[in-house]
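Residue numbers (the numbering used here), protein chains in the order written: chain A, 4 to 340; chain B, 4 to 340. Every residue, glycine too, gets a C-beta built ideally from N, C-alpha and C. Report on the following structure.
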């Protein structure tokens with residue numbers, strides 16, 4: 004195996020390591036004659052580039068992976084459109100891998116992806132992903148950008164929205180509309196986005212001096228029929244909430260159906276806010292107040308960061324992280340008429 | 004870190020690359036002790052087989068492509084779940100490629116896919132796909148199964164639903180509910196599914212002796228805001244329909260919003276049926292009568308046919324085609340209360 008390093012090339016050519024590195028990356032800052040000298044020596048000494056930058060340069064697939072839980076949620080389908088817009092612009096392809104919220108599949112996908120099929124990945128993790136070892140392993144070889152559902156202990160760029168603030172604002176909105184018994188319907192608390200939304204919820208409850216015993220976080224499952232039963236039970240008269248915040252889009256139908264079934268009027272008896280990007284929110288009965296995320300922009304930004312790094316050295320800085328705010332769109336499900 | 008290759012393993016173990024390769028494939032030609040040595044070193048050095056080299060060698064990537072227009076439509080997201088269920092069961096992977104309804108992208112994707120990345124494809128064509136030359140070209144090398152949106156002049160298996168009958172039944176349902184001025188909102192007539200639905204519509208109009216001049220087919224576009232304006236114009240008093248059949252899910256929101264805006268009551272003034280698999284159909288205002296397609300089953304059947312052929316000779320017979328019927332689910336958008 005080669006022991007030729009950038010440092011050795013620098014010493015032999017009496018140049019700085021930065022110059023060697025830039026020359027190898029074909030930087031515009033370096034003159035053509037210097038580039039030629041560097042490349043000639045690198046070739047002569049059979050220099051093998053360090054880390055993943057080199058393998059990217061020599062073995063580009065012009066393809067990136069998008070590893071996401073599902074496409075049935077409109078957030079992900081809109082984000083995909085954003086990713087593909089950015090990717091197409093630069094002559095890349097995006098391969099879409101669905102984890103179906105299973106950690107095992109996420110691990111298997113990442114392991115397989117290190118075999119040269121893609122140059123990097125954009126990821127939104129599963130509800131089961133609590134430790135990031137498998138992603139860290141992948142990231143030793145290929146760059147990763149997270150969007151929406153991130154792993155905070157991995158040092159790479161993350162494109163997120165203001166989940167804490169959204170949890171806070173949704174709760175505050177319900178309190179201002181007269182709610183005092185508010186339930187947050189959560190999914191796995193492993194997820195960065197869900198725990199942030201829950202943190203915002205709890206803070207708003209405390210800030211507005213609501214009785215904390217009346218305001219609960221209820222964890223839903225991946226099973227739609229379970230969730231429907233759970234919500235129906237939650238709506239029984241003795242401890243019925245007067246406000247519900249759903250942290251995932253797919254709970255909307257369960258909440259509305261449970262209320263229909265139990266003859267509970269939205270918004271008069273219970274007010275409902277959902278984190279949702281569904282186009283049909285506006286034509287529901289009643290129209291649904293939503294926290295609407297900048298899904299397209301988040302996907303596009305994540306892809307732009309990844310592609311920029313692929314054109315340069317393959318390194319991605321935590322500092323490139325972006326937070327793009329969501330909007331609270333107030334409709335009839337939270338307005339007393 | 005340098006890339007660990009078969010060549011490097013061969014050098015380190017002083018064996019031929021052919022021996023390493025055979026040992027890694029668990030060939031009977033190689034002794035168990037040699038296999039053990041090779042596997043131990045491969046593991047130690049974290050050797051990952053190169054995707055392309057591997058598939059060339061074995062001529063199997065254990066991967067299939069799913070080439071579809073989009074994932075924002077719930078038909079395709081549900082079909083993907085069906086495809087992935089079948090694929091996972093057999094130890095395959097599915098790569099998802101989105102054409103965004105562009106023929107150019109469909110052509111480019113198929114062209115790229117012939118490079119050994121996948122063993123076959125499941126396809127639903129774009130609205131622009133009127134001739135099948137590019138698919139025929141692909142099909143000379145790799146097997147294709149169509150689902151939903153098919154090319155009829157290509158001799159391969161197709162998994163479809165009973166679109167003609169659904170167009171007929173939706174129209175008949177509206178006529179029986181009292182409609183006599185019915186509009187079918189179509190997208191591209193190139194699409195097999197749309198032309199079949201339109202044929203069913205026309206036949207039902209004729210069979211029930213409706214005035215054909217009052218019953219029209221209007222072609223919508225890919226642009227949501229255009230469609231909204233088109234539908235609003237169509238609803239002006241002088242020639243307003245009393246029944247609408249939308250052949251694609253995404254038109255639902257446009258129809259409902261246009262009616263809201265123009266203060267037209269659904270179902271009293273206009274009755275609405277949509278081809279849709281959206282979970283929210285039941286909680287719309289009013290709940291929406293739908294033609295609901297067996298999306299999951301269609302995806303699963305298409306994948307099952309393709310995988311069966313891959314386990315055999317790669318040939319797919321037209322005779323393996325299946326038609327899985329859809330259901331008309333009657334809700335409040337077509338019921339006079």
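Spatial distance of residue i from residue j (CA atoms)
i, j, result
"residue 140 (chain A)", "residue 258 (chain A)", "40 Å"
"residue 146 (chain A)", "residue 158 (chain B)", "43 Å"
"residue 20 (chain A)", "residue 318 (chain A)", "17 Å"
"residue 54 (chain A)", "residue 195 (chain B)", "In this prediction, residue 54 (chain A) has a pLDDT of 33, which is less than 50 and means its spatial position is unreliable; what the coordinates show is noted afterwards. Rounded to whole angstroms, residue 54 (chain A) to residue 195 (chain B) spans 50 Å at the Cα level."
"residue 264 (chain A)", "residue 182 (chain A)", "22 Å"
"residue 267 (chain A)", "residue 294 (chain A)", "23 Å"
"residue 106 (chain A)", "residue 138 (chain A)", "11 Å"
"residue 75 (chain B)", "residue 7 (chain B)", "41 Å"
"residue 246 (chain B)", "residue 79 (chain A)", "34 Å"
"residue 156 (chain A)", "residue 143 (chain A)", "14 Å"
"residue 235 (chain A)", "residue 329 (chain A)", "29 Å"
"residue 115 (chain A)", "residue 250 (chain A)", "32 Å"
"residue 22 (chain B)", "residue 113 (chain A)", "28 Å"
"residue 184 (chain A)", "residue 254 (chain A)", "19 Å"
"residue 17 (chain A)", "residue 312 (chain A)", "28 Å"
"residue 281 (chain A)", "residue 46 (chain B)", "47 Å"
"residue 35 (chain B)", "residue 42 (chain B)", "10 Å"
"residue 205 (chain A)", "residue 213 (chain A)", "10 Å"
"residue 338 (chain B)", "residue 290 (chain B)", "10 Å"
"residue 49 (chain B)", "residue 136 (chain A)", "16 Å"
"residue 111 (chain B)", "residue 307 (chain A)", "22 Å"
"residue 208 (chain A)", "residue 217 (chain A)", "10 Å"
Within chain B, partners of residue i - CB distance below 8 Å
i, result
"residue 286 (chain A)", "255, 256, 259, 260, 263, 287 and 288"
"residue 282 (chain A)", "253 and 256"
"residue 83 (chain A)", "74 and 101"
"residue 87 (chain A)", "101 and 103"
"residue 127 (chain A)", "Within chain B, no residue comes near residue 127 (chain A); the closest Cβ sits about 14 Å away, beyond 8 Å."
"residue 336 (chain A)", "Chain B residues near residue 336 (chain A): none, gap ~11 Å exceeds 8 Å."
Beta-carbon spacing of residue i, residue j below 8 Å
i, j, result
"residue 68 (chain A)", "residue 95 (chain A)", "no"
"residue 287 (chain B)", "residue 288 (chain A)", "yes"
"residue 341 (chain B)", "residue 244 (chain B)", "This structure does not reach residue 341 (chain B), given that chain B is present from 4 up to 340, and the question cannot be answered."
"residue 231 (chain B)", "residue 261 (chain B)", "yes"
"residue 66 (chain B)", "residue 27 (chain B)", "no"
"residue 299 (chain B)", "residue 85 (chain B)", "yes"
"residue 248 (chain B)", "residue 276 (chain B)", "yes"
"residue 309 (chain A)", "residue 125 (chain A)", "yes"
"residue 215 (chain A)", "residue 170 (chain A)", "no"
"residue 32 (chain A)", "residue 25 (chain A)", "yes"
"residue 320 (chain A)", "residue 160 (chain A)", "yes"
"residue 297 (chain A)", "residue 164 (chain A)", "yes"
"residue 223 (chain A)", "residue 190 (chain A)", "yes"
"residue 336 (chain B)", "residue 292 (chain B)", "yes"
"residue 203 (chain A)", "residue 167 (chain A)", "yes"
"residue 334 (chain A)", "residue 285 (chain A)", "yes"
"residue 134 (chain A)", "residue 63 (chain A)", "no"
"residue 193 (chain B)", "residue 148 (chain B)", "no"
"residue 348 (chain B)", "residue 176 (chain B)", "Absent from the structure is residue 348 (chain B), since the part of chain B shown begins at 4 and ends at 340."
"residue 109 (chain B)", "residue 128 (chain B)", "yes"
"residue 162 (chain B)", "residue 304 (chain B)", "yes"
"residue 72 (chain B)", "residue 92 (chain B)", "no"
"residue 341 (chain A)", "residue 233 (chain A)", "Past the edges of chain A, shown from 4 to 340, lies residue 341 (chain A), and the structure says nothing about it."
"residue 283 (chain A)", "residue 256 (chain B)", "yes"
"residue 102 (chain A)", "residue 70 (chain A)", "yes"
"residue 12 (chain B)", "residue 44 (chain B)", "yes"
"residue 77 (chain B)", "residue 225 (chain B)", "no"
Residues that residue i contacts on chain B, provided the C-beta gap is smaller than 7 Å
i, result
"residue 99 (chain A)", "99"
Closer than 7 Å at the beta carbon, the chain A residues around residue i
i, result
"residue 109 (chain B)", "Within chain A, no residue comes near residue 109 (chain B); the closest Cβ sits about 13 Å away, beyond 7 Å."
Within chain A, the residues that residue i reaches when beta carbons sit closer than 8 Å
i, result
"residue 80 (chain B)", "73, 74, 75 and 80"
Fully enclosed by the segment 83-145 of chain A, which alpha helix (DSSP H) runs are 4 residues long or longer?
Counting only runs of 4 or more, we get 106-116 and 136-144.
Enumerate, from N- to C-terminal direction, the unbroken beta strand (DSSP E) stretches of 3 or more residues contained entirely within the segment 183-236 of chain A.
Taking only runs of at least 3 residues, the beta strand (DSSP E) segments lying wholly in the segment 183-236 of chain A are 185-189 and 219-222.
According to a CB-to-CB cut-off of less than 8 Å, which residues of the segment 189-211 of chain B neighbour chain A?
For the segment 189-211 of chain B, which is checked against every Cβ of chain A, not one residue is closer than 8 Å.
For the segment 259-318 of chain B, list the beta strand (DSSP E) runs that are entirely contained and at least 3 residues long, ordered along the chain.
Annotation note: the segment 259-318 of chain B contains the following uninterrupted beta strand (DSSP E) runs of length 3 or greater, listed N- to C-terminal: 274-278 and 292-295.
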